[in-house]
Every structure is written in C-alpha cells, then in structure tokens.
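The UniProt record's numbering numbers the first residue of the sequence shown as 1 and each following residue consecutively.
The beta-carbon is built from N, C-alpha and C at its ideal position, and this holds for glycine as well.
None of these values were measured; they are calculated from a predicted model.
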Amino acid sequence: MDATPSRSLSERNTIRFVLDGEVIELRQVDPTLTVLTYLRETLRRTGTKEGCAEGDCGACTVVLADLRNQRVRFRAINACIQFVPTLDGKALITVESLRAPDGRLHPVQQAMVEAHASQCGFCTPGIVMSLFALYKSESPPSRQRLNDVLAGNLCRCTGYRPIIEAAAMMYQKGSETTDAALPWMHQAFSDADEVGAGERELVEQLNTLDRRTSLAIHGERHFIAPTTVDELAVLVHRAPGAHLLAGGTDVGLWVTKQHQDLEAIIYLGEIEALRRVNVTDQDIDVGAAVTLTEVYQTLTHYYPELDELLRRFASPPIRNVATLGGNIANGSPIGDSMPALIVLGARLILRHGDQRREIALEDFYLGYRHTALAPGEFIERIRIPIHVADHHVRAYKIAKRFDQDISAVCGAYHLTLEGNVVSHLRICYGGMAATPLRAYQCEQALIGNAWTEASVTAAMTRLDGDYTPLTDMRASEAYRRLVAKNLLRRFFLDTYTPASS
Ligand SMILES: Cc1cc2nc3c(=O)[nH]c(=O)nc-3n(C[C@H](O)[C@H](O)[C@H](O)COP(=O)(O)OP(=O)(O)OC[C@H]3O[C@@H](n4cnc5c(N)ncnc54)[C@H](O)[C@@H]3O)c2cc1C
Ligand code: FES
Ligand code: FES
Numbered sequence: 001m002d003a004t005p006s007r008s009l010s011e012r013n014t015i016r017f018v019l020d021g022e023v024i025e026l027r028q029v030d031p032t033l034t035v036l037t038y039l040r041e042t043l044r045r046t047g048t049k050e051g052c053a054e055g056d057c058g059a060c061t062v063v064l065a066d067l068r069n070q071r072v073r074f075r076a077i078n079a080c081i082q083f084v085p086t087l088d089g090k091a092l093i094t095v096e097s098l099r100a101p102d103g104r105l106h107p108v109q110q111a112m113v114e115a116h117a118s119q120c121g122f123c124t125p126g127i128v129m130s131l132f133a134l135y136k137s138e139s140p141p142s143r144q145r146l147n148d149v150l151a152g153n154l155c156r157c158t159g160y161r162p163i164i165e166a167a168a169m170m171y172q173k174g175s176e177t178t179d180a181a182l183p184w185m186h187q188a189f190s191d192a193d194e195v196g197a198g199e200r201e202l203v204e205q206l207n208t209l210d211r212r213t214s215l216a217i218h219g220e221r222h223f224i225a226p227t228t229v230d231e232l233a234v235l236v237h238r239a240p241g242a243h244l245l246a247g248g249t250d251v252g253l254w255v256t257k258q259h260q261d262l263e264a265i266i267y268l269g270e271i272e273a274l275r276r277v278n279v280t281d282q283d284i285d286v287g288a289a290v291t292l293t294e295v296y297q298t299l300t301h302y303y304p305e306l307d308e309l310l311r312r313f314a315s316p317p318i319r320n321v322a323t324l325g326g327n328i329a330n331g332s333p334i335g336d337s338m339p340a341l342i343v344l345g346a347r348l349i350l351r352h353g354d355q356r357r358e359i360a361l362e363d364f365y366l367g368y369r370h371t372a373l374a375p376g377e378f379i380e381r382i383r384i385p386i387h388v389a390d391h392h393v394r395a396y397k398i399a400k401r402f403d404q405d406i407s408a409v410c411g412a413y414h415l416t417l418e419g420n421v422v423s424h425l426r427i428c429y430g431g432m433a434a435t436p437l438r439a440y441q442c443e444q445a446l447i448g449n450a451w452t453e454a455s456v457t458a459a460m461t462r463l464d465g466d467y468t469p470l471t472d473m474r475a476s477e478a479y480r481r482l483v484a485k486n487l488l489r490r491f492f493l494d495t496y497t498p499a500s501s
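Structural data, given as structure tokens:
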C-alpha cells in the first residue's frame, strides 16, 4: 500500500515556532523527533524531565501557546509524546522561560518555594508548567479544579498538600509583584478585552508565522500537514498507507514505546474545519480534530451528568491535544468516549476522496481494533444528538485509580420514562467485549416495563447473555460481569424517584 504523501507546489519544509520571543526555524527534522528529546538533547534545556515517555507522569510538561480569536491560549502538554513538527505556528514555553531576566522566580515558582512543595524536585518543573498554564488561563479556581489540573502530574515524595497550597497561593504571589519590569508572563490571567503589550507582541509574532501553505517534510520519513479537508482527502486517498496523526496520544507511544518506524505521517491539526464544533438545534457537530478539552466543554453543557467521566479521561495535558476523532478511530474496546456517545446515538461522517458516508458509531466497530474505515477513508465529523425531552443519561468509569487510569469497565445509559414505564433505553459497556457494545438483551428486558427495582434486578441477569468478557491484567471475567450488573443497579438508584413508581 502506498504510504508516501505526494508533493504539491504550495508546500514549505521549514518548521517555525516561537521560543522565548525568538522565531526558531527548523529544517531537515526527523518528523517523529519528540519535543522532549529536542529540548533536552538539542537545546540542552534539561529542566524538562523524562519519566515515563508515555504521557503518564507529567515530568515532561511544557506549555504550548497558540492563537484563539486573536488571544493567546495556553495549554499544558506532554513533551514526551509530541512530535516537533506539531510545534509549527505556535509558541513553546518551557520551565526555563519563566524566570525573569533579573533572576526573579515566576509567581508559580515562588509559591512552590514558600509552600515547601518540592523535595527531590524531579516532578517540580512539570508541576510548575501545569500550574503556569492554569495561572495564565483562569481566575483562581476551586480546590476540585486544582486537583483536576494536577491529575497528570505525579509526585512521589512531597505529597500533594503543599503543592495544592502553592497552587492556591500563586495568584497572591502574582499580585504582590506588579513591577513593570517583570515579563508579562508573570501577570495572572485577565479576561479584560484589552491585551497587554507583552501578549500583543506574541500575538503579532504568531500572526507572522506562515500558516497558509502546508508544512511538508520529505526525507527518510515524510510528514505533511494539509490545511484543508479537501487537501487531506486527496492525500489520504493517494497514500492510504500513511499514518494519520491527530493529537498523537496514541501514535506518540508507537514511537516512544513500540519503537515503530513511521514512514509517512499526515497531520490533521492544521485543518481549521476539523477543529470546529458547530451546535445546531439537533446536534453537536464536532470536527474530528477537535481536542477532548474542547469537545467536553460543549458536551457537558448539554449533558452535565457526564462531567465526572470526562474529567477522569486521562489528564488535562492529554485532553489538551487528544482528539475525539482519534479516540474513536483507535478502536480500543476500553476507549472512554464511546459508551456515552453510543447511548446518545452519535453518528460519524466518513470521507473517502470526495465521497462522504454516514454511519452510526455503534456500527463502526467490526471487531477487536477493527473499524469500518476503508483504506483511504477517514473520520471527518462526529454528530452527537441533543436530547431535549425528559431523559436520564449517566456514564460510570471503573478503574483502579480515580485519576489518569484506563477503564476496566465503563457503562453508559440513556433512559426515557413515560410515567414509570421505560419508553427508550440504551445501554452500552466498554471493557466487556472486543468492541464497545450495546446490551441489547438487557435493554429489551426493560423497554415497555416499569422502572422498578424488581424489573432492573431481573434485567441485570440478561447482561450475562449480552457479554462474554475476558480476564486480563485490569480485571477478571467474574469481576467485570459483577461490576456491569452493579453499575446498572447504580443507574437505577441514581434515576429512580418514588414519584416515578
Ligand atoms: C497517558 C494516557 C492516558 C490515556 N487515558 C485514556 C483514557 O482515560 N481513556 C481513553 O479512552 N483513552 C485514553 N488514552 C488514549 C488516547 O489518549 C485517546 O485514545 C485519544 O483520544 C487519542 O486521540 P489522538 O488525537 O491523540 O489520536 P492519535 O494518537 O493522533 O491517533 C490515534 C489513532 O487514530 C487514527 N486517527 C486519528 N484521527 C483520525 C481520523 N480523523 N480519521 C481516521 N483515523 C484517525 C490515527 O491514525 C491512530 O491510528 C490515554 C493515552 C495516554 C497516553
Ligand atoms: S515523561 Fe512522563 S508524561 Fe512525559
Ligand atoms: S518532589 Fe520528588 S517526585 Fe515530587
């Protein structure tokens, strides 16, 4: 199968990004070089650490700044699984960038010092960068939000109490140091319309970086970043063997952990249309390259009951780059978005050349990591219906840890009652079969019947007919069967009101 994306006349081969006020230009870069390796081995910026090299520990956290509506957006990301060409058009901020020219620490760093929030210090640069992204993006948040922001930063020796204390203190530290000589990055987030001089300079600099022509690197390995969906469709059609790269939170690990040699990569992150969410009366229409952070903001607006599930998906640095299209396409039986999207009735728009077809998400999975995508085809959009009638939706994730863990079982439910009779019910589990799968027998046992403890208890046994789960390192078959039943009971208890009986 051909894996080499073809060349076009409107390509450029130079990666350009901003680092500490300077535009860096890179040519002849290996497209799978990670930002972490580049920082440590080429630039010798060794403040950014390597722990796991798979997005789990946060030691490598850096911040990406890019433009959203002519304002700078700051996102914490994991440098260990981010490929260097994806820096194109953005600004990179590392822990070395934070110190003022006169040596003064950044308010986040000062707060860490004063709260005694570091012992061995290995996690500290990553924690500082996660907190820095927060400091520049939000007003002082709640304790729960602080916990969530730090969910991807593992500290093995200090303990989180002083770190959280530092996080709560950093805004006060920032307001104590209003010296005009300090860099603008020392000032905390402000939602004022007026952009300060430092930020304006970065906005102007980012605007000068060329985003009109596609970045294309052709060497031993190929990397191309089309800027329109039509261009993407042609490239994927002509080179069906090339690897699509969206957030890279799966693909990055193929390189850092499996040492795969990715000969050709087509990057989706530069296509504006794929990064857009459109909301209509009927549905939330999500471009395949929208990040999970952005999708979940909209999804929880309509379905606030999904908030916990979405907060427990990996960590903020992963969700800041991982896309919904990538989560769906990777075909994992334990991908966390699928059960909830399937019960809501989500549909996919698949594109092949100039042809489009629509398919229900539940029909997309044909077997273990085997999807309905034909060679040369890709996911263009995801449509998630907006249900306005009286209904109940829930999703529960069972994993060994609350934060940053992979599901053993994930159950999702969507129920409509007429009086106390079940008129509509969809149940879907991840982790119970080779694909995310609906519990058809269990649904049928309940539809048309009263929503009572007795009917739910009887229907729970039908889950044994719906699934033959496996035993693996996450859970045994027996555990999975029991948990799936208990989650259905939990859904009943969460939604049952005596008035509906
Ligand atoms: C530390 C860590 C924690 C994680 N935790 C979770 C978790 O809690 N829950 C969970 O479900 N997942 C988790 N993941 C897995 C991963 O983050 C998700 O699957 C993520 O949504 C993948 O999206 P991406 O944009 O990064 O995909 P990529 O890595 O860019 O791509 C993934 C796959 O999809 C293909 N692809 C991407 N976009 C398209 C498209 N539009 N059309 C066709 N094919 C496409 C790629 O070619 C590749 O095969 C975790 C990963 C890491 C590293
Ligand atoms: S090194 Fe552990 S998340 Fe990157
Ligand atoms: S200070 Fe040692 S790991 Fe956090």
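CA-to-CA distance, residue j to residue i, given in whole angstroms
i	j	result
S500	E377	Note that S500 scores 49 on pLDDT, short of 50, meaning its location in the model is unreliable and no value can be drawn from it.
V95	T32	23 angstroms
R99	R489	53 angstroms
P339	Q119	41 angstroms
R27	R319	29 angstroms
L324	P141	26 angstroms
C60	A450	53 angstroms
Q109	V128	6 angstroms
R211	I406	36 angstroms
A79	L64	10 angstroms
Y496	T452	8 angstroms
F402	D56	14 angstroms
Q205	G47	25 angstroms
A433	L310	22 angstroms
L202	T298	28 angstroms
I271	M185	29 angstroms
Y38	D466	49 angstroms
E165	V149	14 angstroms
D193	P162	34 angstroms
Closer than 7 angstroms: residue i CB and nearest ligand 3 heavy atom
i	result
G121	yes
C442	no
R161	no
S315	no
S118	yes
T124	yes
T61	no
T158	yes
Beta-carbon gap between residue i and residue j smaller than 8 angstroms
i	j	result
S130	N147	no
residue 521	L463	In the structure as shown, the chain starts at 1 and stops at 501, and residue 521 therefore has no counterpart that could be examined.
F74	A133	yes
E305	R383	no
A439	I427	yes
G335	H237	no
heavy atom of ligand 1 below 7 angstroms from residue i C-beta
i	result
I77	no
N207	no
G89	no
E204	no
Residue i - DSSP class collapsed to helix/strand/coil
i	result
S423	strand
F132	helix
E377	strand
N327	helix
D88	coil
T14	coil
G411	strand
H370	strand
S501	Unreliable positioning characterises S501 in this predicted model, as indicated by a pLDDT of 48, which lies under 50. The coordinate reading is nonetheless provided below. Of the three classes helix, strand and coil, the one that applies to S501 here is coil, per DSSP.
T471	coil
Range covered by the alpha helix (DSSP H) that runs through residue i
i	result
L146	143 to 149
F492	477 to 495
S139	Unbroken run through S139: none, as it is neither H nor E.
K173	160 to 176
G287	Counting along the chain, G287 falls outside any alpha helix (DSSP H), though it belongs to the beta strand (DSSP E) covering 283 to 287.
V29	Neither: V29 is in no alpha helix (DSSP H) and is coded neither H nor E.
N449	First-last for N449: undefined, no H or E at that position.
T61	Segment 61 to 68 is the beta strand (DSSP E) holding T61; no alpha helix (DSSP H) there.
I342	337 to 344
Contact with chain B by residue i, beta-carbon distance below 8 angstroms
i	result
A166	You won't find chain B in this structure, because it holds only one protein chain.
Segment limits, beta strand (DSSP E) that includes residue i
i	result
V95	Neither: V95 is in no beta strand (DSSP E) and is coded neither H nor E.
residue 506	In the structure displayed, the chain extends from 1 to 501; residue 506 sits before or after that span and is not available.
H237	It is not in any beta strand (DSSP E) - H237 instead sits in the alpha helix (DSSP H) that spans 229 to 238.
Contact test: residue i Cβ vs ligand 2 heavy atom, cutoff 7 angstroms
i	result
D250	no
C155	no
G58	yes
E41	no
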